[in-house]
Structures are given as C-alpha cells and as structure tokens.
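A.B. asks: In my numbering, the protein residues as written are 1325 to 1674.
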Ligand SMILES: [Mn+2]
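1. Roughly how many angstroms separate the alpha carbons of residue 1671 and residue 1566, rounded to a whole number?
2. If you run the structure through DSSP and keep just helix, strand and coil, what is residue 1619?
3. What does the alpha-carbon distance come out to for the pair residue 1620 and residue 1356?
4. With DSSP collapsed to three states, give me the class of residue 1625.
5. Taking its Cβ as the centre, do 16 or more other Cβ atoms sit within 10 Å of residue 1630, making it buried, or is it exposed?
6. Could you tell me which whole beta strand (DSSP E) segments of length 3 or greater appear in the stretch 1411-1495?
7. Among 1571, 1669 and 1581, which has the Cα closest to the Cα of residue 1622?
8. Provide the residue span of the beta strand (DSSP E) that contains residue 1646, from first to last.
9. Within the chosen definition, does the stretch 1484-1496 reach the stretch 1371-1389 through at least 3 CB pairs nearer than 8 Å?
10. Do residue 1400 and residue 1415 have their beta-carbon atoms positioned less than 8 Å apart in this structure?
11. Express the C-alpha separation of residue 1456 and residue 1662 in angstroms, rounding to a whole number.
12. Between the beta-carbon of residue 1643 and the beta-carbon of residue 1452, is there less than 8 Å?
13. Would you identify the three-state DSSP class for residue 1554, choosing helix, strand or coil?
14. Answer with buried or exposed for residue 1645, where buried requires no fewer than 16 other C-beta atoms within 10 angstroms of its C-beta.
15. What are the boundary residues of the alpha helix (DSSP H) that includes residue 1536?
16. At a cut of 8 Å, does the stretch 1403-1420 reach the stretch 1433-1440 through at least three beta carbon pairs?
17. Starting from residue 1355, follow the alpha helix (DSSP H) in both directions and report where the run begins and ends.
18. To the nearest whole angstrom, what separates the beta carbons of residue 1578 and residue 1615, a pair I think is in contact under 8 Å?
19. Tell me whether residue 1657 is buried or exposed, calling it buried when 16 or more other Cβ atoms sit within 10 Å of its Cβ.
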C-alpha cells in the first residue's frame, strides 16, 4: 500500500494521505452548503501552533460565509489570548443542521482530550507519528499529514490559499504565531526553507513578526529565570557528550512561584547546550515533574537520532526532531532512563 522510503517510520504508513488540493475542494463544497457548519478542534494543553492553526482556519472559513466554532479542552493559555480573543469575537457559530469536524495539529484522538470521541472528519497535521502506528494515528475520512512541515500553520496557510481565502493581517498574525512557536523562533531542528518562506509571506501579509517573536521568545519573568538556573545546575552529559539532559521538580515550580507548570517549558534552555568542544550534541532531554511523581519528558534530536522513535519506546510520540512522553516516577530516575534510551539510539544509528 505504501512505497518503501528507507525510513522505518515512514515505511509503516497506515494509509495514503489526501492531497491538500483535494481537501481544499472538499471543504469548499461544504462551505457552499448552508446545511453544514464547522467545528475546529485542537489538542489539549494547546501551544501556539494548535491555537494559531485552529483560529486562522476558522477565520478563513468564516470569511467565506461559514458558521465556525473553535473547540478545545481548557482555557486558552494567557500568552496566546492576545490573538485568540480577538478572533473569537469575529466567529459566528450559527446553528447549522449538520457539523463537519476538523482537527488541526493533533496526532491522536487521545490528544483531543475530552473531545476524543467526537468523530473527526478532516485531519490536518504535521506530526510524523500521525502516520505510523495505530496508537499514534488519528483516524478520519479525510487526512492530510505533512511531516516535512515545521508547523501546522504552514499547512493551513497553503490550504487557505488553495481555497482563495484572502490572508488578512489577523490571519497572518495567527499563522505567524503558530509558525514561530513551533520552530522556536527559527532555532529548532525542524526549521527549513519552507518555514522561512512561509514566514516571509506572512510578513508580506502584514503579520507583526517582530512583536510576535519577541512576545514568545524574549520576555522572561524572574521566576522563569530561576527555573532556568535549576535546569543549568542539574545538567548531565553522557560519557560521549552526545546526550545532554536536565530536570526540574514540582518543588522548583512552587519555589519560583510558577503557578502554571504546563506553560513553562524549559526545553529551549537545555536544547542550546552543546558539547564541551562546541559541537552539537545529538539528543537533548528535559524531564519536568508537573505534579509530585508525574513527569513530562521532552526529547529533541539531530537526525539520524530520532526523537519520535525514542519517545515511542516510552509510550509517547511527536516529530523526528522533537517528541515527548509522560512518565510516572522520580524525575531524576526518569532522566537517567531516557538518557540511556537516547544513548542506545546514538549507538545504533549514529
Ligand atoms: Mn505543531
């Protein structure tokens, strides 16, 4: 059913994906039929890409006259509300008789949280694990998954253009927020020519590239600086320096008055550490203890070391270059365990 690519992840594709052109056509059919309204879903613990993609698509469909509602699990994190609240005010949910459900930036039904059972009709995503195993797969009649895309926002930009939606400044701001946060302000391993081209295009459509980038990547509270210090103090290097890791505890979050650990990722702090000879390491690990004994693991990697494959071994998933998992236990022990898995991967593939 699928062609062999030589990439073990991609050789296990569950099904052929539908080209974006066909998705655009299908959506336009429904937009033109007033019986149908749209619901757009994004993953729990939403990030900038999930929210930017969902609201940009919503505004785009709405500009074509569709009734649209964006649906998540929890409150939108404060740092993204400067964009989502304005978008929310424009959307009209209406009361269409039938509903089409679109999921963006979400690799599994499980990641939809309390909406995991709604039955998604369209999947628009860029997580490679959405293409592989049954666990890591979101079933839907219409799926378009582009693991090469650094952000889902880039896919939404292409889709809106195919649907001839004018890219307003507001849509461009939302998409730029999605793009810039998923590529960590163009520093992540997934940054590529297409993401830079999309950024230039969004800038051309009026996106506030300076303010949005600075808002998400330069401003830090004293509490965040304190947490970064903890990360530095606990840095661990593997014997060959190819794997670098650290952890933070639930107590750290309390001590530095970080009330919302969900929103305080410090992966960028770990990710920037290189080997003593200044060469880039092949894997970085951060374990965050969110609540006592409940940890979130983040792994970034340089290919051929594959973060998605590593996290797959501990029940997680994500992208080739950046993936995650949840584990219960002591964060220091979990860090040791995950660094060992990274070392194995380095030995096997590097
Ligand atoms: Mn994303």
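Note that beta-carbon positions come from the ideal geometry of N, C-alpha and C, so glycine has one too.
It should be emphasised that the depicted structure is a prediction, and the values quoted were computed from it without experimental measurement.
C.D. replies: Let me spell this out:
1. Here residue 1671 is taken as the residue at index 347 of the chain shown, counted from 1. Here residue 1566 is taken as the residue at index 242 of the chain shown, counted from 1. In a straight line, the C-alpha of residue 1671 is about 10 Å away from that of residue 1566.
2. Translated into the one-based positions of the chain shown, residue 1619 becomes position 295. DSSP places residue 1619 in strand when its eight states are reduced to three.
3. Counting from one through the chain shown, the residue named residue 1620 turns up at place 296. Counting from one through the chain shown, the residue named residue 1356 turns up at place 32. About 43 Å.
4. For this step, residue 1625 is matched to residue 301 along the chain shown. In the three-state reduction of the DSSP assignment, residue 1625 falls in the strand class.
5. As a first step, residue 1630 is located in the chain shown; it is residue number 306 there, counting from the start. With 16 or more other Cβ atoms inside 10 Å of its own Cβ, residue 1630 counts as buried.
6. Every beta strand (DSSP E) stretch that sits fully inside the stretch 1411-1495 and reaches 3 residues is listed by chain position as 1422-1428, 1446-1449 and 1466-1469.
7. For this step, residue 1622 is matched to residue 298 along the chain shown. Taking only the C-alpha atoms, the option nearest residue 1622 is 1571.
8. Taking the first residue of the chain shown as position 1, residue 1646 is located at position 322. Segment 1646-1652, the beta strand (DSSP E) holding residue 1646.
9. The stretch 1484-1496, when compared against the stretch 1371-1389, does touch it at the 8 Å Cβ threshold.
10. For the purposes of this step, residue 1415 is taken as the residue at position 91 of the chain shown. For the purposes of this step, residue 1400 is taken as the residue at position 76 of the chain shown. No, the Cβ-Cβ distance between residue 1415 and residue 1400 is not below 8 Å.
11. Taking the chain shown and counting its residues from 1, one reaches residue 1662 at position 338. Taking the chain shown and counting its residues from 1, one reaches residue 1456 at position 132. Cα to Cα, the separation comes out at about 22 Å.
12. Working through the chain shown from its first residue, we reach residue 1643 at position 319. Working through the chain shown from its first residue, we reach residue 1452 at position 128. Result yes, Cβ atoms of residue 1643 and residue 1452 sit closer than 8 Å.
13. Translated into positions along the chain shown, residue 1554 becomes position 230. Helix at residue 1554.
14. Here residue 1645 corresponds to residue number 321 of the chain shown, with the count starting at 1. Residue burial is scored here from C-beta neighbours: residue 1645 has at least 16 other C-beta atoms within 10 angstroms and is therefore classed as buried.
15. Counting from one through the chain shown, the residue named residue 1536 turns up at place 212. It spans 1533-1541 - the alpha helix (DSSP H) in which residue 1536 sits, taken as one unbroken run.
16. With a cut-off of 8 Å, the stretch 1433-1440 and the stretch 1403-1420 do not count as touching, because too few Cβ pairs lie within range.
17. The sequence position of residue 1355 within the chain shown is 31, counting from 1. Counting along the chain, the unbroken alpha helix (DSSP H) around residue 1355 starts and ends at 1344-1355.
18. On the chain shown, position 254 is the one that residue 1578 refers to. On the chain shown, position 291 is the one that residue 1615 refers to. The C-beta distance from residue 1578 to residue 1615 rounds to 11 Å, too long to fall under 8 Å, and the pair is not in contact.
19. Position 333 of the chain shown holds residue 1657. Counting Cβ neighbours within 10 Å, residue 1657 comes out exposed, since fewer than 16 surround it.
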